[in-house]
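Mapping the sequence shown onto this note's numbering, position 1224 (from 1) lands on 1241, and the numbers just tick up by one. Working notes, beginning with the structure itself.
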Amino acid sequence: MISKWDHINNKIEHYSANACLAPVVSVHGCAVTTVEGIGSTKTKLHAVQERLAKFHGSQCGFCTPGIVMSMYALLRNKPVPSAEDIEGCLQGNLCRCTGYRPILSAFQTFSDSTSGCPMGTSCCKLNGAEKTEGNLELNCDPHASSGVCFSHYDPTQEIIFPPELLTKSCELASKPLKFVGERITWFRPTSLDELTSLRKTYPDSQLVNGNTEIGVETGVKGRLFKVIVNPSAISKLKEIVADDKGVKFGAACTLTQIKEELTKMVKTDQSFQTQWMAAFLEMLHWFAGDQIRNVAAIGGNTMTASPISDLNPILMANESMATFRLHSRAKDRQVLMDQSFFPKYRTTCAEKGEVLISVFLPFNAKDEYMKAYKQSKRREDDIAIVNAAMRVVFHPGTCKVLKFVAAFGGMAATSVMPEKTMQNMIGREWKEDLVDDFSKWISEDLFLDKGAPGGMVEYREALVVSFFFKFFLHVKSCRVKEGAKDGIISKDESSALEKPAYNLKQFGTRTWQEVPPNQPEEDKVGRDVQHVSGIKHTTGEAVYVDDIPQYKDELYLAHVISTRAHAFIRNVDIQKAMMSPGFVTYLDDRDVPGTNTVTVLKSDEQIFAKEKVTCVGQIIGAVVADSQAHAQRAAQLVQVEYEDIDPVIITIKDAIKHKSYFPPPVRLIDGDADVAMETCDHVIEGEISVGGQEHFYMETQAALALPVGEDGEMEIFSATQDLDFMQRQVAASLNVERNKIRVRCKRIGGGFGGKQLRSWLVCLPVAVAANKCGKPVRCMLPRKDDMLMTGGRHPFYANYKVGFMNSGKVQSIKVQLFSNCGHTYDHSVPILSVAVAKFSNAYNFPNIHLEGIACKTNVASNTAFRGYGGPQGLFVAENLLNNVAEYLTIPQEKIREINMLKSGDITCYSHKIENPQLRRCWDECLAKSDFYSRKTRCEEFNKRSRWRKRGLACIPLLHFLTFPHFLCQAGALVNIYTDGSVSVTHGGTEMGQGLHTKIIQIAGRCLGIPVSRIHISETTTASVPNASATVASISSDMYGMAVQYACDELMRRLNPIRKQFPELDWNNLINKAYMNRVSLSATGFYNMPGFNWSWNFDIGKIEGNYVQYYTNGAAVSEVEVDCLTGVHVVLQTDIVMDVGRSLNPAIDIGQIEGGFVQGYGMFTMEEPLHTPSGHLLTVGPGAYKIPGFGDCPRQFNVHLLRNSENDKAIYSSKGIGEPPLLLACVVFFAIENAVSAARKDSGLFGSFRLNSPATAESIRMACGDKFSKQHEFHKSDGNNKLPWSIRA
């Protein structure tokens, strides 16, 4: 949070900002408060920190400090915020773990000024209610304020603004500043004269207010701007002046400042004059987040001249005036903001040296109407796909158009005005035939080429027409309200004007089975224990790899990566890099003392590419320098010469065409699908695609290598899920034995499978660099490089043939599953095999023939991702069943019930179903969600609503835990010290899933001591060797049992002493044992029984026990879709999950919510896109969108199944990390049902193909109405251009 004295309004101003974008020099004279400054474990927690931790609002914790500070800044300005304020302040924050709901629950307590307990530790809530058999199932919500004790928030106790800054505020505000850096000179003038003088001296200087645009250009794209001028201290440029004609904004007015002033004006005057204000405010709400709005200025947004600017179309449509000043000119120049204002891409009509000083927006007049629209991939904090502002003026007292002004973003290289259409509109009556005519005119004015930057050309063209249709109805509605007699608003039309349901407040319930009433209070197994690092997450004290303090003489590494998808490396020129400041050395394959080959399952990867590259992002070399900035700058200067190789294979269809595969094909065969197909009443065929997904863990790949200095030893700090793999690969690359390599990991800022194997991309180069230089070497990948290099979830394509009976019973299925593996093998075939095995989900398909084919392409290697192939396989099966239901006109839920597995059935992977909890989950979910009543309400809603549709869907889940036999082993080390404290080390890594918390709970029960006496420091190969990776929802099972075995061994040793001295408490017992020379250190080793299977891919048979146990579940989701834009809102999601006897209900529910929202992103929003030449376009949060706070279901209910036992895992628990993600496809099918309802209104019946993800583009174009069908088949310009983007 940045605080400064506002000398114009004479008050202290507090605001949040992005630290990564705010230059240090920009906060001169300000007070900067970080998360460490508001509270810590050493002093006292702030209320925000305390509540977020107690409401289980952090998991990996990497995003938590930013979330804390966003909320803290809000409270400093508004101590009792509304729910809308809270969601608004978090628009600029992202979290990949929690699913957002617990964060919102924690912060919504601040909406009540009386919340919190003044009694502190004496609070009655700490004692808990007495538990009896009659109340074992409670609405015990760990995230409800009624069940959590937290301190009262007193805003009078906040940190004061530094007095020394207050006394010097006038001096600081009036003093011009100049800072000279290594490559950049930064000025802060305090008057317009100084500003124009600087522009005269430095005509190519960049004017930067909030650095929100230039910061991205320099930090992400590596551009250099040698002179930067910051006008934020010029009072004249901060003025907002209103007169009887309109409002003038100084060019340095921030968007937050404008929002506050316009809100006041609209409240006092809601007449026709302020229509542009309402449009402006609506657009500002969706414009980035508070952190950007607080510093970004209207002048910067205007002069950046972005073709997708949210504000410029409004300025143009309202015929605003821009005022420019030039130092050598006596009079200011005023320019109308029309099409000529933006002559070409990223260019304005400003003359050399001119400065924009203000923008004037005139009031609207009577008989004038204005509205603005925006569509983006994600509702909140996202750039526009298309935006628009339209204004119409009628002849007084008529519906005849006098003037029509429109401006669109995202439809050309600039914000564009369709001038021919605007001219054609003049004189026309505002009647229905105008919509069709507008559609014809605009398609000629705003035609997009097939290869237009941004892609989605059909969708963008359809949006323009849809926006006009909305505007047409808006104007018509306004006129009807004003008493016009030239028309009425029909029900169909009014549905296009309804306010979206995402304005509803978020809420939900969580229930589970409480522990037995006789369970000792100190036994925390089964209780909602707070994450052991939760408080450290909220205070910023949790240490990640890049938080480790810098070592003496430490160096930094930056990768040199391929820019070609398939090419020979002809030359690498490092001369310019060597001349760069801070350069130390360059690395390539010649510097690897051991093997340059990386072996995952096959030896087909190289640390440094030697002769050729096979994807964009492949490592060619690395630069080592004395700092991060110097290393990254030098790496950009390395020049690589290539010779392209054909073909370049990007998509699955490309691979099929060129027969580019990784053998062997994966087959699973049960029964005789061909013979059974002939006996079926009906047979249908189809195909479907499932897109990939970026892991988007908050902490990018990071490693730090420290040469120990003797015997070739090296210590590696790595953010990895598989320390054993990293140790093995580092030892091989350095040509030393593994006992010389120690890999350590304290915690990971999110992994999701992406840090199981691909961590070598950082770990091995830094190890080689540290070995060569003899000094510590660190690297943390920039987000862009991480996304380019590390791959993600495998995209799938499937074609299928299904035979079924009139009853709905499926008798035969034949499916081919193709996966896009990328350029190397990685884990692709095992992932494909899981997709094949989990295809049948919860259903009994008696005759099935599945074949999986792994496609080798020229994209970054795709790898393990939460679900490990399961989500893709399950999605194809669920889609297939929906097609059967549609064909037979039988409800989808009935088709699922007809085909659902029951006790005694044998699955296609040869496992007998015994006493399944599947049907219980299904029935409870339908009942708790009130499914059938809501289905009726959805149908009724759809009958009366043409342009907004609702969809409801339900799916069951039978998720089985499986793992390679040799990996089903786990080790642990438990040490008891003479003061009675206990240290536990095990082979699993903590990455937000609460593994360490659960392990401590288990150890506490085994040893009979409070969990506060038990500590887990880190995971290291020095303590637990040969550990299996922390993956597959199996770590609590394995490492929990290993810790139990170690504790049991310790208790076995202690029992004789306890029997001899029963009066001893724990501390004295341990001291007595030590004096009697009893070993207080024990290892535990668990060899998971029952797993011993083999899969013959040739004949398609699995022999042995492939399944350990099932985690069952069911989900119901309801959505509302705007058929004109493709936007959807998840109104409600209900999940019933069988987790056995939960070790920690709060953590398990957090995993369910977080996994579901991550899966929701996969199936609806997240869309990796490549160019036809193989470059990944969706790099960084600006282009790749994960769900935000506003995407969380408006009502999110999670229930843990009662009385479920599991004798295959520790304390009858079950793995829960992956299963909920698979359930998220229920949202996709709810969307599909809503789209189906829209299609029926357009006369389109029967099944249709909707690929995953169901993005706004896919939804809109599938609705099949007259507006989308006009652009369904894009007109060609005859040049046969390649599309701008493709899905791999």
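Every residue gets a Cβ at the ideal spot worked out from N, C-alpha and C, and that includes glycine.
Proximity to residue i [Cα-Cα], best of the options
| i | options | result |
| --- | --- | --- |
| L935 | P973, K966, G968 | P973 |
| I1031 | T1038, P1042, S1045, T1014 | T1014 |
| M333 | T602, G263, A423 | A423 |
| K502 | Y994, W447, G886, H554 | W447 |
| V246 | S252, G227, K238, A259 | G227 |
| G525 | D221, Y390, K929, V1215 | V1215 |
| A401 | N110, Q523, D286, A1200 | A1200 |
For residue i, three-class secondary structure by DSSP
| i | result |
| --- | --- |
| Y1177 | helix |
| H1216 | strand |
| E230 | coil |
| M434 | coil |
| L990 | strand |
| Q1018 | helix |
| L891 | helix |
| K148 | In this prediction, K148 scores a pLDDT of 37, lower than 50, which makes its location untrustworthy; the coordinate-derived value is nonetheless stated afterwards. Correct three-state label for K148: coil. |
| E211 | helix |
Residue i vs residue j beta-carbon contact at 8 Å
| i | j | result |
| --- | --- | --- |
| N864 | S829 | yes |
| L781 | Y568 | no |
| N1161 | Q1061 | no |
| S1229 | G1157 | yes |
| R954 | E1137 | no |
Residue i versus residue j: straight-line alpha-carbon distance, rounded
| i | j | result |
| --- | --- | --- |
| H576 | F600 | 13 Å |
| A518 | V1244 | 16 Å |
| T149 | G543 | Bear in mind that the predicted position of T149 carries a pLDDT of just 36, short of 50, making it unreliable; the figure below should be weighed with that in mind. The alpha-carbon atoms of T149 and G543 are separated by roughly 16 Å. |
| A877 | C114 | 24 Å |
| N1268 | G708 | 8 Å |
| F204 | P172 | 37 Å |
| G988 | E1007 | 15 Å |
| N588 | T807 | 25 Å |
| C157 | G1011 | Caution applies to C157, whose pLDDT of 44 falls short of 50 and renders its modelled position unreliable; the model cannot decide the point. |
| C1209 | E1235 | 19 Å |
| N535 | D1054 | 25 Å |
| L1218 | N858 | 19 Å |
| K1286 | D450 | 18 Å |
| S836 | V893 | 13 Å |
| T50 | M18 | 5 Å |
| R883 | L1240 | 13 Å |
| E278 | E702 | 59 Å |
| E154 | N1250 | Only weak support is given to the placement of E154: the predicted model assigns it a pLDDT of 34, under 50, and the question is left unresolved by the model. |
| N311 | A36 | 13 Å |
| Y1123 | V1041 | 27 Å |
Residue range of the beta strand (DSSP E) that includes residue i
| i | result |
| --- | --- |
| H554 | Where H554 is concerned, there is no enclosing beta strand (DSSP E), although the alpha helix (DSSP H) it sits in stretches over 551-556. |
| D1151 | 1145-1154 |
| W203 | 202-205 |
| C796 | 794-797 |
For residue i, the first and last residue of its enclosing alpha helix (DSSP H)
| i | result |
| --- | --- |
| Q125 | 118-125 |
| D671 | 669-675 |
| P379 | Premise fails: P379 lies in the beta strand (DSSP E), 372-379, not in any alpha helix (DSSP H). |
| A722 | No alpha helix (DSSP H) holds A722; the beta strand (DSSP E) holding it covers 719-724. |
| E1222 | It is not in any alpha helix (DSSP H) - E1222 carries neither H nor E in the DSSP assignment. |
| E104 | 100-106 |
| M338 | Premise fails: M338 lies in the beta strand (DSSP E), 338-342, not in any alpha helix (DSSP H). |
| Y561 | Unbroken run through Y561: none, as it is neither H nor E. |
Near the ligand PLP: residue i beta-carbon under 7 Å from a heavy atom
| i | result |
| --- | --- |
| G1178 | In terms of ligand content, the structure shown is empty, and the ligand PLP therefore cannot be addressed. |
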